[in-house]
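Taking the numbering used here, the leading residue of the sequence shown gets 14, the next gets one more, and so forth. Where is the CB? At the ideal position from N, CA and C, for every residue including glycine. All values reported here derive from a predicted model rather than from experimental measurement.
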Amino acid sequence: MTLSDILKEKGIEDFSAIPLEHCLVGNRRLYDSLPRGCYAVFMLFPYYVENKNCRLAAFAAVPDYHLFAKELFSELEEYVKNKYGAFARGFTDHSPLNERDGAAKCSLGIIGRHGLLISRKYSSFVCIGELVCTLTEAQLGAEGITVGCNDIAYCEDCRICIASCPAGCADGDKSLCISAITQKKGELTDPETDAVRRSGSIWGCDRCQLSCPHTQNAIKNGTIYTPIQFFKENVITGDENDVESLSDEEYKKYTFSYRKRNVMQRNIDIIRRK
Ligand code: SF4
Ligand code: SF4
14 MTLSDILKEK
24 GIEDFSAIPL
34 EHCLVGNRRL
44 YDSLPRGCYA
54 VFMLFPYYVE
64 NKNCRLAAFA
74 AVPDYHLFAK
84 ELFSELEEYV
94 KNKYGAFARG
104 FTDHSPLNER
114 DGAAKCSLGI
124 IGRHGLLISR
134 KYSSFVCIGE
144 LVCTLTEAQL
154 GAEGITVGCN
164 DIAYCEDCRI
174 CIASCPAGCA
184 DGDKSLCISA
194 ITQKKGELTD
204 PETDAVRRSG
214 SIWGCDRCQL
224 SCPHTQNAIK
234 NGTIYTPIQF
244 FKENVITGDE
254 NDVESLSDEE
264 YKKYTFSYRK
274 RNVMQRNIDI
284 IRRK
């Protein structure tokens with residue numbers, strides 16, 4: 014069993030490493046706590062499942078990827094420690110590194126105009142995680158992990174994603190981005206409330222991602238769907254009533270639980286006032 018075997022067994026097919034010194038800093042405090050001269054193994058967690066009638070963005074309808082990453086990294090850290098006596102720590106989202114930059118330098122995808130990493134198979138419906146470890150390049154090679162820092166590639170800039178934005182983010186003004194507004198605490202302004210009502214979404218927005226030709230191709234070719242079992246179970250497939258009826262225990266399994274329930278309830282109330 015190697016590190017790449019463990020990753021593949023979990024459904025993680027895209028991973029590659031770069032030396033830490035080639036990474037951009039994400040969180041400075043976390044970055045300074047890392048040993049020098051180590052490698053970051055970047056990996057993609059594809060999460061897309063077919064879910065047409067849901068009022069949640071795709072990432073919100075599936076169980077929280079932080080929970081998936083926590084379990085995965087605990088296994089990987091243990092594996093590296095037991096086999097090599099080396100340091101290893103996994104991160105996702107709250108990271109010492111700029112994840113999009115690192116994944117692009119590992120050639121796990123290109124960077125889209127909409128600001129997200131676009132992978133060949135899953136388009137932008139991926140979360141990024143990274144295992145920072147003190148394994149040598151030779152040890153990583155023996156574990157089935159390639160090492161190499163490449164130039165970042167960008168999308169074709171067709172701007173379809175910009176044109177499809179219901180909030181008119183075409184001019185780069187993200188102040189009415191539905192994804193940001195639905196996750197915002199407190200009372201919304203009238204224009205924000207109106208933007209949520211018109212979108213019909215109670216958490217997040219996938220419009221720019223879905224309109225991208227890379228996503229459309231991935232759907233057409235059938236490659237976009239997650240192979241990770243964790244994301245295929247407990248998917249919220251219903252409407253706002255199903256979200257509202259989740260018990261507090263169930264609610265904690267989804268990413269939207271990082272906000273208090275009253276934020277979600279506010280959004281539900283807005284779309285009900287249609
Ligand atoms: S997430 Fe939605 S509202 Fe935000 S930029 Fe993309 S399409 Fe526009
Ligand atoms: S829709 Fe076009 S411009 Fe936008 S991310 Fe996709 S390829 Fe790039």
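- Message: So if DSSP puts residue 59 in a beta bridge, which residue, or which two residues, is it bridged to?
- Response: 139
- Item | C-alpha gap between residue 51 and residue 148, whole angstroms | 7 angstroms
- Message: By the three-class DSSP mapping on this structure, what secondary structure does residue 103 have?
- Response: strand
- Query: Assuming residue 216 and residue 71 make a contact with CB atoms under 8 angstroms, what is their CB distance in whole Å?
  - Reply: Not really, about 11 angstroms apart at Cβ, beyond 8 angstroms.
- Item | Touch test, the region 129-145 against the region 100-107, Cβ-Cβ under 8 angstroms, three pairs minimum | yes
- Can you say whether residue 207 is buried or exposed, counting buried as having 16 or more other CB atoms within 10 angstroms of its CB? exposed
- Message: My assumption, with CB atoms under 8 angstroms, is that residue 224 sits in contact with residue 177. Please give the rounded CB distance.
- Response: 4 angstroms
- State the CB to CB distance for the pair residue 116 and residue 123, rounded to an integer number of angstroms; the pair is presumed to be in contact (CB under 8 angstroms). Wrong, their Cβ atoms sit about 10 angstroms apart, outside the cutoff.
- Spatial neighbours of residue 268 within its chain, please: CB distance less than 8 angstroms, with the 5 preceding and 5 following residues excluded, ordered by chain position. 72, 73, 77, 78 and 79
- Stretch pair the region 224-238 + the region 125-140: three plus CB contacts closer than 8 angstroms: yes
- Task: Go ahead and pull the three-state DSSP assignment for residue 240.
- Result: coil
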